[in-house]
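Chains as they are written, first to last, in the working numbering: chain A, 1 to 131; chain B, 132 to 262.
Protein chains: 2
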Amino acid sequence: MQKQETLSKNQKIILDLIEKSDQPLKAYSILFDVKKKGINAPLQVYRALDKLVEIGKIHKIESRNAFVACKNSNCQVSKATAFSICESCEDVTEVSNLKLSKYLNNFADKSGMKYNKYNLEFFGLCKNCKK
Amino acid sequence: MQKQETLSKNQKIILDLIEKSDQPLKAYSILFDVKKKGINAPLQVYRALDKLVEIGKIHKIESRNAFVACKNSNCQVSKATAFSICESCEDVTEVSNLKLSKYLNNFADKSGMKYNKYNLEFFGLCKNCKK
DNA sequence: TTAAATATGTTATATTATTACACAGCGTTA
DNA sequence: TAACGCTGTGTAATAATATAACATATTTAA
Numbered sequence: 001m002q003k004q005e006t007l008s009k010n011q012k013i014i015l016d017l018i019e020k021s022d023q024p025l026k027a028y029s030i031l032f033d034v035k036k037k038g039i040n041a042p043l044q045v046y047r048a049l050d051k052l053v054e055i056g057k058i059h060k061i062e063s064r065n066a067f068v069a070c071k072n073s074n075c076q077v078s079k080a081t082a083f084s085i086c087e088s089c090e091d092v093t094e095v096s097n098l099k100l101s102k103y104l105n106n107f108a109d110k111s112g113m114k115y116n117k118y119n120l121e122f123f124g125l126c127k128n129c130k131k
Numbered sequence: 132m133q134k135q136e137t138l139s140k141n142q143k144i145i146l147d148l149i150e151k152s153d154q155p156l157k158a159y160s161i162l163f164d165v166k167k168k169g170i171n172a173p174l175q176v177y178r179a180l181d182k183l184v185e186i187g188k189i190h191k192i193e194s195r196n197a198f199v200a201c202k203n204s205n206c207q208v209s210k211a212t213a214f215s216i217c218e219s220c221e222d223v224t225e226v227s228n229l230k231l232s233k234y235l236n237n238f239a240d241k242s243g244m245k246y247n248k249y250n251l252e253f254f255g256l257c258k259n260c261k262k
């Protein structure tokens, strides 16, 4: 949590916004929302997003080009991420399952390549949409 | 394999191109390459790509906005995909590991959501780039 | 107290993807 | 065989996502 203190102005504004949303936000919707705070250009948003992803405060949902706050309160670096995505309502939830992350962090296939990061996205129908 | 026969002209041209490449291709690079075959517009490419993804002939590498041919020769539907991506040379390989796919296909977390699809991307350095 | 590193602001532009509309070919079925 | 649904094609325009290039400010650390 101590890293929070050292965020820059724009980074704070944008992290705040993302943390207040329970769903992933897209870069240009963020831009729209922060214009009233003096952030005027896409690049200002993307720069903050890049930094926030880098330090693990937010994650990018690659299949949706959208960003969510990290729910692992102690997450410092974004290197092992998993999400479940409802294909109907687009609700996204971060999956935190110790077994899963252990399994994937230790995964090695025959290529001999050692992975230092992964991103997993599950798709399905959420409880509400299954009804 | 029998589905191959029923691909349309544009779909065949584009699948051919992707299958001949050992690395993921981006939509506009595909467009550039197939102009000589009479495919002139992005939409023609995207439509073919959508279809090919749908029937499992190719996969989209979400983090790279690029498309690779499916290496599972008998893959009919693209519902469980895993790739390893070298962050230095951008080499991408499809991971086919029965244990992994079983594990992920059966994965269920506390949300009770049942997944019907997933996409997993591992990142690291490939053998060549590790040297 | 200067240099290096990080962040900001702005304009322009590149890259990725979709909307909207018109029409062609093919198999069904009525 | 005509009407229909379905899938695919072609084209133009535009939307959505992301980065390059340049100038300047602020913070950090030697």
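A virtual CB, placed ideally from N, CA and C, is assigned to each residue, including glycine.
- In the assembly as shown, Tyr115 of chain A is a buried residue. Its beta-carbon has 16 or more other beta-carbons within 10 Å.
- The beta carbons of Phe253 of chain B and Val226 of chain B sit closer together than 8 Å.
- Scanning chain B for C-beta atoms nearer than 8 Å to the C-beta of Ser84 of chain A yields Asp240, Ser242, Met244 and Tyr246, reported in chain order.
- Beyond the five residues adjoining it in sequence on each side, Asn141 of chain B comes within less than 7 Å, by CB distance, of Ile170, Gln175 and Ala179 in the same chain, given in chain order.
- Within the segment 22–46 of chain A, the runs of alpha helix (DSSP H) at least 4 residues long that lie entirely inside it are, in chain order, 27–34.
- A distance of 8 Å or more separates the beta carbons of Met113 of chain A and Ser194 of chain B.
- Taking Lys12 of chain A as the centre and dropping the five residues before and after it, the same chain places no C-beta closer than 6 Å to its C-beta.
- Residue contact with chain A for Ser194 of chain B: present (Cβ-Cβ distance below 8 Å to some residue of chain A).
- Taking 8 Å as the CB threshold, Glu185 of chain B stays off the interface with chain A.
- Per DSSP, Ser194 of chain B lies in no beta strand (DSSP E) and is assigned neither H nor E.
- Excluding the 5 residues flanking it on each side, Cys129 of chain A has same chain C-beta neighbours closer than 7 Å at Cys86, Ser88 and Cys89, in chain order.
- According to DSSP, Tyr249 of chain B shares a beta bridge with A:Phe122 and B:Ala211.
- Using a Cβ-Cβ distance cut-off of 8 Å, the segment 154–171 of chain B and the segment 195–202 of chain B are in contact, since at least three pairs of beta carbons, one from each stretch, lie closer than that value.
- Between the alpha carbons of Ile189 of chain B and Lys60 of chain A lies a gap of roughly 23 Å.
- According to the DSSP assignment, Glu19 of chain A belongs to the alpha helix (DSSP H) that extends over Lys9 to Lys20.
- Taking the Cβ atoms as the reference, Asp240 of chain B lies roughly 5 Å from Asn97 of chain A, within the contact range of under 8 Å.
- Take Tyr118 of chain A, set aside five residues on each side of it, and the residues of its chain with a beta-carbon closer than 7 Å to its own are Ala80 and Leu104, in chain order.
- DSSP places Glu185 of chain B within a helical segment (H, G or I) once states are collapsed to three.
- For Cys257 of chain B, a Cβ of chain A is located within less than 8 Å of the residue's own Cβ.
- At a beta-carbon threshold of 7 Å, the residues of chain A lying near Glu252 of chain B are Tyr118 and Asn119, ordered along the chain.
- Sequence-ordered contacts of the segment 92–105 of chain A with chain B read Thr93, Val95, Asn97, Leu100 and Tyr103 [C-beta pairs closer than 7 Å].
- Annotation: the continuous alpha helix (DSSP H) that includes Cys129 of chain A extends over Lys127 to Lys130.
- CA-to-CA, the gap between Glu54 of chain A and Ser78 of chain A works out to about 7 Å.
- Rounded to the nearest whole angstrom, the C-alpha separation of Gly255 of chain B and Ala213 of chain B is 14 Å.
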